[in-house]
Amino acid sequence: MDKDKGSRDADGAVASGSDSTSKEKKKHEEKKRDKKARKKETASSSLLNPADDAELTDKARGALSYAHTRLSASDGWKFNKAHQNWIVKHVFSCNDIPEKYFPVVTAYLSGCQGGVRDNLVQNCSKQLDASPEVCSAPDSTPTPVPAPSALTEDTEAEPLKLASKIPSPATQEAIKARARTLLEVLGSSSSQD
C-alpha cells in the first residue's frame, strides 16, 4: 500500500500530503476570519449608535452615524469626505461630540491614513502643548464685538473689547484628555520640544 504518500480519508482513499495541508490552511484561515469577525462584532456592539439621538445636531448625528456604520457594518459603508472632515474638525468639541460618542470617534479615526492622520497627530500635540488661551475647541474662538459704526441708536455704546471664550479648566482638561487618547489610538507619542 501507499502509506508513505498520504493518509486515508473517511472513504478509505489515500489523500496526498499536500491536500491535507491545504485543508488545514483553509480551516486555519476560516478560524482567523471568524475570530476577526467576532472581535469586530463585539467591539462595535459596545459602541453607542447615535442615529436616534435627538440631542445631537443633524450634522453631528450624520457624521457620528457614519463613523458608527463604518465600525459595525462596513459592507454597507461608503467613504464620505464631508463626514470625515466634520469629525476631524470637531473632535475636540465636547458640545458637538458628546463624551458618550467619543469611543466611536476614536475607533473610527484609528483607521485614518495619510494627511488626515498627520494633521490629527499635529493638532493633538498642539492641544497638549498649548497654554489655556490656545487650548480650545473649534466652537470657542474669540468673538469680536461690533465696531461703533455698526451700533445703532437703539444700542448703547460699550467699551470695545474682544469677548474671548477661554475654555474652563474642566473643558481644557477634557480637550487634553481627548488629545492624549487620540495620540494613543493613532500610535504616536507627542514630542515635547
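Numbering of the sequence shown is given in numbering that gives the first Met the number 0, commencing with residue 0 and proceeding in unit increments.
Heads up, the beta-carbon is just placed ideally off N, CA and C, and yes, glycines get one too.
A quick note: this is a predicted structure, and the numbers were derived from the prediction, not measured.
For Cys123, the secondary structure class from DSSP, reduced to helix, strand or coil, is helix. Straight-line measurement puts the Cα of Arg177 at about 21 Å from the Cα of Lys58. The beta carbon of Val103 lies closer than 8 Å to those of Leu46, Leu47, Pro49, Leu63, Ala66, His67, Leu70 in the same chain, with the five residues before and after it left out. For the 8 Å CB-CB criterion, Thr56 and Thr105 do not form a contact.
Between the alpha carbons of Ala53 and Lys99 lies a distance of about 14 Å. A straight-line Cα-Cα distance of about 30 Å links Gln112 and Pro166.
Measuring C-alpha to C-alpha distances from Val120 to each of Glu183, Gly61, Glu28 identifies Glu183 as the nearest. Taking a C-beta distance under 8 Å as the contact criterion, Phe91 and Gln126 qualify as a contact pair. The closest CA to that of Asn84, considering only Ala129, Asn94, Glu23, Tyr107, is found on Tyr107.
The beta carbons of His27 and Gly61 sit no closer together than 8 Å.
DSSP places Asp95 in the coil class of the three-state scheme, outside both helix and strand. Within the same chain, Cβ atoms closer than 6 Å to the Cβ of Cys123 are found at Ala178, Leu181, Leu182, the five residues on either side in sequence being excluded.
It is roughly 23 Å from the alpha-carbon of Lys25 to the alpha-carbon of Asp74. For Ala176, the three-state secondary structure derived from DSSP is helix.
Assigned with DSSP and collapsed to three states, Asn79 falls in coil, not helix or strand. If you compare the alpha carbons of Cys93, Gln171, Gly110, Asp117 with that of Ala129, the shortest gap goes to Gln171. Residue nearest to Gly110 within the set Lys22, Val87, Ala169, Glu23 is Val87 (criterion: CA-CA distance).
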